Structure formats: C-alpha cells, structure tokens
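J.: This is the structure I want to talk about, given as structure tokens.
Residue numbers (this note's numbering): 1275 to 1807.
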C-alpha cells in the first residue's frame, strides 16, 4: 500500500481467535476521517500478540488504536509522523502481556498524544515507550497496573499542552530517561510508583511550559525516587514519603518556589559540576526546600542575580564541602543573600561575593548563613574582593558573617607620584563615581597604572620625548650650513654637487640653486626614576 484515503477508518483489523497473532503493516501514508489504523484482538482469553507498524504518515481524527484484550503482547512502531485532530495519536493496550511503543513524531490537538497501558492487576508484563517529538494535552501516558516495569525514553521535544509532559505510573519499577526537552502546563513529569523504585535520568531539560523556576517541574512519589540530573531542570520538585535522592550534576533553577522532598530522610547532592541557582528574576526570591534531611553542596550554589536579598531555606542539615562555591549578592544598604537551615550547617569551600548595585560601604556587615542547629567549620576562601575592598569572615554559634574593610589607596602606590595621587583619591567622597571605580580595581598593578594616568605625569614625559625628537631636523640643517662655510663644528666631508653622473668639488661660494639631501637617524635615551618625568 502506497497511500490510503478513507472517510472513516483507514485500516481496521479485529481478530476473534484465541491463539492467533494479528500483524498490521502500513507502508504508505494514511488519511482518514476517523482512525488511521485499528488493530484489535477481541477475546479476553486470547493469548496472541498484536503488532502494528506504520512506515508512512498518518493524519486522522484518531491516529493508531492497538487494543489487545487478551494476555498477549502489543507492539506499535511508527516511522512517519502521526497526527490526530481530536483523539489519541497512538493508543496501545494489553491486559497482561508487554506493551512496547517505538514512535517518531506523534501529535494530538485534542487528547493525549501517546497512551501505553497494561491493565491487568495480576499481569507481569512491562510497558516500554520510546519516542521522539510528541505533543498532546498530555504528551505521553504510560501506565502499568501489574507488577512489571514501566519505562519511558524520549529523545526529542515532549509537550503537554494542558497537563503533564510525561505521566508514568506502575506498581513495579518506573524509569524515565530524558535526552531531549520535556515540558507541561502543570509540570514536566508526573510519576507514581508502588512497591518499586522510581528512577529519572535526564541529560536534557525538564520544566514547566511557563519556563518559571517557581512552577512545578517534577512530581514523583509512591516508591523511593532517584533523580539524576545531568542536564537542566527548571522548576520545583516534589517527592513522596520514601527515602529519596536528588543527584545534580547539571543545572537546577528553582528560585522562588517550594520543593517538598516528602520527609523520608531525603538527600540533595549537588556534584562538583552541578549548579543550584536560586537567584530571582527582577526581584529577590524566597526559595524553600521542605522535608529535606540533608543538602550537600560540592559544586556551585548561587543566588547571584544582581539583586541582594534572595534567600534559600531548608528544613534539614547542610554541608558545603571543600572545593564548593556559595555565591551571594551584597549591596550598599547592608542587604545580602542568605542561606538558612533549620538544622546544622558545616561550612567549607569558598564564598563568592558580587556587589549588586556597584557600590559597597566599607565597614558593612553581612549575614550570609544562619543555622538554627549551629554553624561549624569555616569558608576556605573568600572570592570577590578587590585591591581595596578586603573581605573578612567571622562566625558565631549560629551565623556566618562577611565584613568589608577598605584598604587605603595610597598603600598600593609604588612611586611618590602614585602615592601622592592615591592619597588625594582617598579624600574623595565615598559615593563618587571615580572613588568607586578605584575601589573596584582588581590588584595593585592595575591600580598603579590608574594612578599614573591620573597624576598628570604623562604631560611632562611627552614633552621630554618631543624635545628629543626635534633635534634631528635641527641638527641636519645646521650641519649643512656649517659644512658649506667650513665653520666650527662642520663635518670633515667636502661639499659636492652632482653633474653628468659624476660628483665634483664645488666652491662654497658657488652661486645658483642646488638640491641637497641628507639621511639622519639616531638612538635616544631618557633616564627616569619611575616617578619623575
């Protein structure tokens, strides 16, 4: 079959046999008013398998309906695009066996794009969905009522226009692998497990259609959850009451939201390559990690967004390990970002400071960590200071502080000119633009260069260089005159003219015009002491 157009169903195959298999292969394109392909094993006691393959494109109200009411397996494979206007793009079901869906691009404007179900509670079959680009009210629904495994793998873009991007549920293990992008209006992933575990492995992006970090990205519960993110998650995560683990080696943006970890002794571990970003957009954000037992930061936790005042609060304990970075904003009003824990906080790694409004007041005091259960350890390094803004850390039983000390500009001067200029700058108003520009210089070498530019020394040095250059032309003219009259200071060379290709001597008093030229050049050197011109 190369192409098929039908007013109702494109292909409809229904079997009443108890033992036979049903196989449907469509190699061409199908356009139908109702269903593109219908394949069914109708007997509840049947043991046969149902296989549907669509190699061409399907455009219909309902794309593919593969229904096995027996205990055999159902397999659906699509190569070309499947487009449904009001029903499912692809529906595959069995009542006991395995369900396997391998699909390319599937879309539905009025229903779930891909549905895969094993509906027998006593069934042991698995539900496996592999898909490319998918779009529907829910992108993909994979449900296993039995004890078999449920698995969804996506490589393209999956969108749930009115609900989840992917909805997966099973009494056995539930595994979701995301290599592309998954978003939904309510959340990207909605996963429900039973006695088995739930595993999410992502190298792509999972989030909400809104793109807001405060909206839901993942909801998973029922069994212990292992969320492994090597890509990007934008939005909050919610887990059930089991012992869950979130291992982040990619980026998690969750500013302004509340993530509920469920209270089962859960752990959030941010690996060395991971970034947890809690910086709000346009305004400070309050981010909450509730029912979390332990947060371990080995990578970068940041609230830096150009606005001081962001906050992250966790219900449990936290540990900032050696090599990690905790990045915060501070400003001229004494505001700073802050991490707060209901439990204890062990400090290590570095704290990186950004000045959000371009100005800080020397002597300012900032609280950057608060732990109701106590603070132990200390930051190994302080990042973000300048040549003249020196960061100091201090601690008490429950807090970690940063203080800003101003180092005198004059201490960076190397020459008397630089030191005198710097001393004058020290007397400028703190709010002045020049004063703050000097405050932000990164090191003494750059500061010394700036002091040289501000000292006025360049004007004297430039004049010295011009005087040195001006003598060359002056000396050439004077030497020619001295030579012509054989006066004091004349060179020993004879003045000659040029005639008929041969030079000959000419009297110094010879009348007439002559063209004279002379090459000149020299080396010049001006002594200096690094200060005076």
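Glycine included, every Cβ here is placed at the ideal spot set by N, Cα and C.
All of these numbers come straight from a predicted model, not from anything done at the bench.
DSSP three-state label for residue 1290, please.
T.: Here residue 1290 refers to the residue found at position 16 of the chain shown. In this structure, residue 1290 counts as coil in the three-state DSSP scheme.
J.: Please report the distance separating the alpha-carbon of residue 1635 from that of residue 1604.
T.: Counted from its first residue, the chain shown places residue 1635 at position 361. Counted from its first residue, the chain shown places residue 1604 at position 330. The alpha-carbon atoms of residue 1635 and residue 1604 are separated by roughly 10 Å.
J.: So residue 1624 packs on residue 1665, CB below 8 Å; how close in whole Å?
T.: Here residue 1624 refers to the residue found at position 350 when the chain shown is read from its first residue. Here residue 1665 refers to the residue found at position 391 when the chain shown is read from its first residue. About 11 Å; that fails the 8 Å criterion.
J.: Alpha carbon to alpha carbon, what distance is there between residue 1663 and residue 1807?
T.: Within the chain shown, the letter at position 533 stands for residue 1807. Within the chain shown, the letter at position 389 stands for residue 1663. For residue 1807, the pLDDT reaches just 40, beneath the cut-off of 50, and the residue's location in the model is therefore unreliable, although a value from the coordinates is still provided. Taking the straight line joining both Cα atoms gives about 31 Å.
J.: How big is the Cα-Cα spacing for residue 1281 and residue 1574?
T.: What you label residue 1281 is simply residue 7 of the chain shown in a count that begins at 1. What you label residue 1574 is simply residue 300 of the chain shown in a count that begins at 1. Low per-residue confidence applies at residue 1281: pLDDT is 47, beneath 50, and the placement is therefore not dependable enough to give any value.
J.: Determine the extent of the beta strand (DSSP E) in which residue 1587 is found, giving its start and end residues.
T.: The residue labelled residue 1587 in the question sits at position 313 within the chain shown. Unbroken beta strand (DSSP E) run through residue 1587: 1585 to 1588.
J.: Taking residue 1349 as the reference, give the member of 1356, 1355, 1340, 1709 with the closest Cα.
T.: Counting from 1 along the chain shown, the entry for residue 1349 is found at position 75. If we check each option's Cα against that of residue 1349, 1340 comes out closest.
J.: What number of angstroms, rounded off, separates the C-alpha of residue 1749 from the C-alpha of residue 1733?
T.: Taking the first residue of the chain shown as position 1, residue 1749 is located at position 475. Taking the first residue of the chain shown as position 1, residue 1733 is located at position 459. C-alpha separation (whole angstroms): 25 Å.
J.: Which partner residues does residue 1639 have in the DSSP bridge list?
T.: Numbered from 1 along the chain shown, position 365 holds the residue referred to as residue 1639. DSSP output for residue 1639 lists 1677 as bridge partner(s).
J.: For the structure I just gave you, are there three or more beta carbon pairs, one from the region 1325 to 1344 and one from the region 1352 to 1367, closer than 8 Å?
T.: Cβ pair count under 8 Å is three or more, so yes.
J.: Helix, strand or coil for residue 1473? Go by DSSP, reduced to three states.
T.: Within the chain shown, the letter at position 199 stands for residue 1473. Strand at residue 1473.
J.: Tell me, please, which residues DSSP counts as bridged to residue 1443.
T.: Position 169 of the chain shown, counted from the start, is the residue given in the question as residue 1443. DSSP output for residue 1443 lists 1417, 1466 as bridge partner(s).
J.: By how many angstroms is the C-alpha of residue 1440 removed from the C-alpha of residue 1404?
T.: In the chain shown, the residue the question calls residue 1404 occupies position 130. In the chain shown, the residue the question calls residue 1440 occupies position 166. Going by the C-alpha atoms only, they are around 12 Å apart.
J.: Would DSSP call residue 1275 helix, strand or coil?
T.: By one-based count along the chain shown, residue 1275 stands at place 1. Bear in mind that a pLDDT of 47 at residue 1275, under 50, signals an unreliable position, so the number given afterwards is only what the model happens to contain. Note: residue 1275 maps to coil in three-state DSSP.
J.: Residues in the same chain with beta-carbon distance under 6 Å from residue 1391, minus the five sequence neighbours each way, listed in chain order, please.
T.: Translated into the one-based positions of the chain shown, residue 1391 becomes position 117. Correct list, in chain order: 1367, 1417.
J.: Keeping to the same chain, check which residues put their C-beta closer than 7 Å to that of residue 1595; ignore five residues upstream and five downstream.
T.: Here residue 1595 is taken as the residue at index 321 of the chain shown, counted from 1. Result list for residue 1595: 1570, 1571, 1572, 1622, 1623, in chain order.
J.: Kindly list the residues whose CB is nearer than 6 Å to the CB of residue 1721, restricted to its own chain and excluding five residues on each side of it in sequence; keep chain order.
T.: Position 447 of the chain shown, counted from the first residue, corresponds to residue 1721. Closer than 6 Å at the Cβ level, and outside the excluded window around residue 1721, lie 1661, 1686, 1715.
J.: Leaving out five residues on either side along the sequence, give the residues of the same chain with a beta carbon under 7 Å from the beta carbon of residue 1487.
T.: Along the chain shown, one-based indexing puts residue 1487 at 213. The answer, listed in chain order, is 1508, 1509, 1527, 1528, 1529, 1530, 1531.
J.: Tell me the start and end of each unbroken alpha helix (DSSP H) in the region 1323 to 1386 that is at least 4 residues and wholly inside, in chain order.
T.: Correct list: empty.
J.: How big is the Cα-Cα spacing for residue 1538 and residue 1710?
T.: The residue given as residue 1538 occupies position 264 in the chain shown. The residue given as residue 1710 occupies position 436 in the chain shown. If I take the Cα positions, the gap works out to 50 Å.
J.: With three or more C-beta pairs closer than 8 Å as the rule, is the region 1408 to 1425 touching the region 1441 to 1454?
T.: With the cut-off at 8 Å, the region 1441 to 1454 and the region 1408 to 1425 touch.
J.: Beta carbon of residue 1477, beta carbon of residue 1504: below 8 Å?
T.: Indexing the chain shown from 1 puts residue 1477 at position 203. Indexing the chain shown from 1 puts residue 1504 at position 230. Yes, they are a contact pair.
J.: How many angstroms separate the CA atom of residue 1690 from the CA atom of residue 1611?
T.: Sequence index remark: in the chain shown, residue 1690 carries index 416 (1-based). Sequence index remark: in the chain shown, residue 1611 carries index 337 (1-based). Looking at the two C-alpha atoms, the distance is approximately 41 Å.
J.: Using only CA atoms, which one of 1315, 1371, 1380 lies nearest to residue 1328?
T.: Here residue 1328 refers to the residue found at position 54 of the chain shown. When only C-alpha atoms are compared, the closest one is 1380.
J.: Taking Cβ positions, are residue 1326 and residue 1298 nearer each other than 8 Å?
T.: The residue labelled residue 1326 in the question sits at position 52 within the chain shown. The residue labelled residue 1298 in the question sits at position 24 within the chain shown. Yes. Within cutoff.
J.: On the three-state DSSP scale, how would you describe residue 1698?
T.: As a working mapping, residue 1698 is identified with position 424 in the chain shown. It is helical.
J.: Which residues in the same chain have their Cβ closer than 6 Å to the Cβ of residue 1591, if we skip the five residues on either side of it in sequence?
T.: Numbered from 1 along the chain shown, position 317 holds the residue referred to as residue 1591. 1568, 1617, 1618.
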